[in-house]
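The structure under discussion appears below in the form of structure tokens.
Residue numbers (the working numbering): 891 to 1045.
Next comes the structure, spelled out in structure tokens:
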């Protein structure tokens, strides 16, 4: 049990905790931003979400698709698809005892790529900006996964 406490008390684990918290907060803010846009534009996904609208006809008009809301929603969906694997694999990676510099490089590259991806998605920058940002973050996660598999190979 003392070994686990020692692993968690390392600089790598503290760095992981910092960067994981940053991207998780970013992901949570994307959810709030989606809700904000839905409320301000009166665009809801479900009829029951329109309870504050008075008439049934007006309520039906509020259940529609808005391109701005959909763009933010898809960006948030992409965060869910990429940040959750980063957090899980990053935790396992931090527990393998990597070099601090290498770990910081992985964490910073991933976090930077997610912020670039979000900006390029929300501002609608031309491709391949968004695709490149996504693939860079994916490679950082795969690189950490490779380290985990090769360090703790119990197949």
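Heads up, the beta-carbon is just placed ideally off N, CA and C, and yes, glycines get one too.
The residue among 971, 985 and 909 with its C-alpha nearest the C-alpha of residue 1024 is 971. Between residue 1043 and residue 932, the alpha-carbon positions lie close to 52 Å from each other. Close CB contacts of residue 924 within its chain, under the 6 Å cut and outside five residues either way in sequence, are with 962, 963 and 966 (chain order).
Sequence-distant partners of residue 912 (beyond 5 residues in either direction) whose C-beta falls short of 8 Å from its own C-beta, in its chain, are 1001. Using a C-beta cut-off of 8 Å, the region 987-1005 makes contact with the region 1016-1035, since at least three inter-stretch Cβ pairs fall below that distance. In the structure shown, residue 924 falls within a helical segment according to DSSP collapsed to helix, strand and coil. Apart from sequence neighbours up to five positions away, the residues of its chain that approach residue 988 with a beta-carbon distance below 7 Å are 902 and 1037, ordered along the chain. Around the Cβ of residue 993, a 10 Å sphere holds 16 or more other Cβ atoms; the residue is buried. Its chain contains 901 and 902 as the residues whose beta carbon lies nearer than 6 Å to that of residue 990, once the 5 sequence neighbours on both sides are disregarded; these appear in chain order. For the options 938, 957 and 1015, the alpha carbon positioned closest to that of residue 927 is the one of 957. Ranked by Cα distance from residue 935, the options 980, 922 and 955 are led by 955.
In the structure shown, the three-state DSSP call for residue 1017 is coil. Note on geometry: alpha-carbon atoms of residue 973 and residue 918 lie some 11 Å from one another.
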